[in-house]
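Data block below; observations after.
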Amino acid sequence: MLLVSYHFPPAETVGARRPAALVAFATEQGWDVQVLTATAAGSGDAPAVIPEDLVVRVAPAPKLPRLNLSPSGAPHSATGRPGSRIRLAAVRRAANRRLWRLGMEMLVPDPQLNWIRPAIREYLRVRGDWRPDVIVTSGPPFSGFVVAAKLARRLGVPWVADYRDLWSIGNEYWARSRLRLAVDRWIERRLLRSVAACVTVSEPMAETLRTTFGCATYTIMNGIDRRPLPPPTTTAPVISEERAAVGESAPMLTLAHTGYIYPGKREPGPLLDAIALLGSDAAHVHVVFAGEENGVVRAGVERAGVQDSVTLLGHVSAEKSWRIQAEADVLVLLMWNDPRDAGTMSGKMFDYLQARRPILLLGYEAGLAAKLVRERRAGVVHNDKHAIAAQLREWLAVKERSGRIPAVPAAALDGLYREDQLTEYMQILRDVTLRAATGLGFRVHSLRR
482 MLLVSYHFPP AETVGARRPA ALVAFATEQG WDVQVLTATA AGSGDAPAVI
532 PEDLVVRVAP APKLPRLNLS PSGAPHSATG RPGSRIRLAA VRRAANRRLW
582 RLGMEMLVPD PQLNWIRPAI REYLRVRGDW RPDVIVTSGP PFSGFVVAAK
632 LARRLGVPWV ADYRDLWSIG NEYWARSRLR LAVDRWIERR LLRSVAACVT
682 VSEPMAETLR TTFGCATYTI MNGIDRRPLP PPTTTAPVIS EERAAVGESA
732 PMLTLAHTGY IYPGKREPGP LLDAIALLGS DAAHVHVVFA GEENGVVRAG
782 VERAGVQDSV TLLGHVSAEK SWRIQAEADV LVLLMWNDPR DAGTMSGKMF
832 DYLQARRPIL LLGYEAGLAA KLVRERRAGV VHNDKHAIAA QLREWLAVKE
882 RSGRIPAVPA AALDGLYRED QLTEYMQILR DVTLRAATGL GFRVHSLRR
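According to this note's numbering, the residues represented by the sequence shown are 482 to 930, in order.
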């Protein structure tokens, strides 16, 4: 198998984790694997998945400028900056967002398009006599799909498209004009004419691909990564460390959110409003946000007047994020409260389940993520500020009585581990290679170079 993924370890980005898990599992199952990626060898701290001599790393060329839309600095409280500086930062962020949207309209299929030609050219140069039985590509970014399709045609092998998110249809998080959507749809449809199979992370997303493009599509969720958590006796608690750094005492009930906040879709407003409803009890509740700060949380905190109940840590490493999750009383999962988000299954869900802390999910109550939380008894789903406030009071009472919030039962994780999902994935790839070898399955259509 040749795995084509723009993101790959040692990068700690979320986009590297599913491809890395697939490569590690395939190797354990006896597959001969190579990787084509853009990630530099020294670009992160994630552990190696396969020997470095099996990884072809190709830098994009020419290098495109990158806008920093959400600059994050050192950990700080929500009250640590003058109003004039906050307003200036907001103006800069708004200007950067407009420039970013303009750039996204012009960079087709995505800002990684400058990786396509160098990746194809370099891989064909260095591969020697090695020839894969199947090429798997994971996106976004979807420039990797172009790379995989072109290599599949050159090498005469089938390719499989792995969608961590959808592309031209069903992806409401990527704001595009109608013209740009039409262009993306045309490119995607043309590429998928030659695909042997598609894989994605939820059944609604799979059905969207089937009905739109008519390709065989399978659902393989992300799954829980088995990883050891740092023993609390040997590692100072991250949350209390950061609270002490800003001169505040540890709260009675700590909630934590890790990851990115999507403006207009995944926002913490109802939670912050709920804290404001607690009155004097708000002094015993604290929410820690760990992730790139884009101004959304800060604005919500100021509007709700709950500055004393919130700490913004900014960007943290993956390991620190996992420690924060393990140390919190409750984990906050922000999703979009809209039917269009019904089929979204955030990869963060599985990180939270690994931590076994109760989840407070804000999002579409009839969606897949909400259904999983309820069925697994892994937490609660609320969007109304009054319901959230009542739940916070209930957790406060439990914390006062017993000193801790009970962990999510271990049985809630059954069947959701990464290997549970990847076993079926490998069978899909075996079927694709078998059909290709027997002449039953795939046909590669010509693509312009």
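Built from N, CA and C at the ideal position, the CB exists for glycine as well.
Quick one: residues in its chain with C-beta nearer than 8 Å to the C-beta of S683, no 5 flanking neighbours on either side, listed in chain order?
-> Position 202 of the sequence shown, counting from 1, holds the residue named residue 683. Non-local beta-carbon contacts of S683 in its own chain, meaning distances under 8 Å to residues more than five positions away in sequence, involve T700, M702, G824, T825, M826, L849 in chain order.
Is the segment 502-516 close to the segment 645-664, with three or more CB pairs under 8 Å?
-> Not touching, per the Cβ criterion.
Per DSSP, cross-strand counterpart(s) of S619 = Position 138 of the sequence shown, counted from the first residue, corresponds to residue 619. BP columns for S619 point to D643.
In angstroms with no decimal places, state the Cα-to-Cα distance between I756 and A642.
-> For this step, residue 756 is matched to residue 275 along the sequence shown. For this step, residue 642 is matched to residue 161 along the sequence shown. Here the alpha carbons of A642 and I756 stand approximately 43 Å from one another.
Contact set for S658: own chain, Cβ-Cβ below 7 Å, skip 5 residues either direction = Counting from one through the sequence shown, the residue named residue 658 turns up at place 177. Closer than 7 Å at Cβ, skipping near neighbours: E586.
Could you check which residue in L636, A521, V782, R691 has the C-alpha nearest to that of T494?
-> Position 13 of the sequence shown, counting from 1, holds the residue named residue 494. For T494, the nearest C-alpha among the options comes from A521.
Is it the case that the Cβ atoms of R500 and S619 are separated by a distance below 8 Å?
-> Position 19 of the sequence shown holds residue 500. Position 138 of the sequence shown holds residue 619. Correcting the residue type first, residue 500 is Pro in the shown sequence and not Arg. The answer is yes: Cβ separation under 8 Å.
Could you check which residue in Y487, M733, D614, R674 has the C-alpha nearest to that of N879?
-> On the sequence shown, position 398 is the one that residue 879 refers to. Reading the sequence as shown, one finds Val at residue 879 and not Asn. Among Y487, M733, D614, R674, the Cα nearest to that of V879 is on M733.
When DSSP labels each residue in this structure, what does F506 get in the three-state scheme?
-> As a first step, residue 506 must be located in the sequence shown, where it is residue number 25. Helix at F506.
Taking the alpha helix (DSSP H) that G795 falls in, what are its first and last residues?
-> Along the sequence shown, one-based indexing puts residue 795 at 314. For G795, there is no enclosing alpha helix (DSSP H); the enclosing beta strand (DSSP E) has its first and last residue at 791-795.
C-alpha distance - I869 paired with L753, whole-angstrom precision = On the sequence shown, position 388 is the one that residue 869 refers to. On the sequence shown, position 272 is the one that residue 753 refers to. In a straight line, the C-alpha of I869 is about 10 Å away from that of L753.
Report the partner residues of L517 according to the DSSP bridge assignment.
-> Working through the sequence shown from its first residue, we reach residue 517 at position 36. For L517, the pairing in a beta bridge is given by DSSP as V485, V537.
Based on the DSSP output, what are the partners of R747 in its beta bridges?
-> As a working mapping, residue 747 is identified with position 266 in the sequence shown. DSSP, once it has assigned bridges, lists Y743 as partnering R747.
Could you tell me the boundaries of the alpha helix (DSSP H) in which V811 lies?
-> If you number the sequence shown from 1, residue 811 lands on position 330. Note, V811: premise wrong, no alpha helix (DSSP H); beta strand (DSSP E) at 811-815.
Considering only residues of the same chain and omitting the five flanking positions on each side of D706, which have a CB-CB separation below 6 Å?
-> In the sequence shown, the residue the question calls residue 706 occupies position 225. Closer than 6 Å at Cβ, skipping near neighbours: R899.
Helix, strand or coil for R498 per DSSP?
-> For the purposes of this step, residue 498 is identified with residue 17 of the sequence shown, where counting begins at 1. If DSSP states are grouped into helix, strand and coil, R498 belongs with the helices.
Nonlocal neighbours in the same chain, by C-beta distance under 7 Å from S553, ignoring five residues either side | Taking the sequence shown and counting its residues from 1, one reaches residue 553 at position 72. Because S553 sits at a pLDDT of 39, beneath the cut-off of 50, its placement in the model cannot be relied upon, and the point is left open.
Indicate the three-state DSSP secondary structure (helix, strand or coil) for Y906 in the structure shown.
-> Along the sequence shown, read from residue 1 onward, the residue named residue 906 stands at position 425. In the three-state reduction of the DSSP assignment, Y906 falls in the helix class, which pools H, G and I.
V862: CB within 7 Å of a non-hydrogen atom of the ligand ADP | As for the ligand ADP, it is missing from this structure, which has no ligand bound.
Same chain only: Cβ atoms within 7 Å of L662, ignoring 5 sequence neighbours per side = Counted from its first residue, the sequence shown places residue 662 at position 181. Closer than 7 Å at the Cβ level, and outside the excluded window around L662, lie S649.
Mapping DSSP to helix, strand and coil, what is D912?
-> Residue numbering aside, residue 912 sits at position 431 when the sequence shown is read from its first letter. Three-state result, D912: helix.
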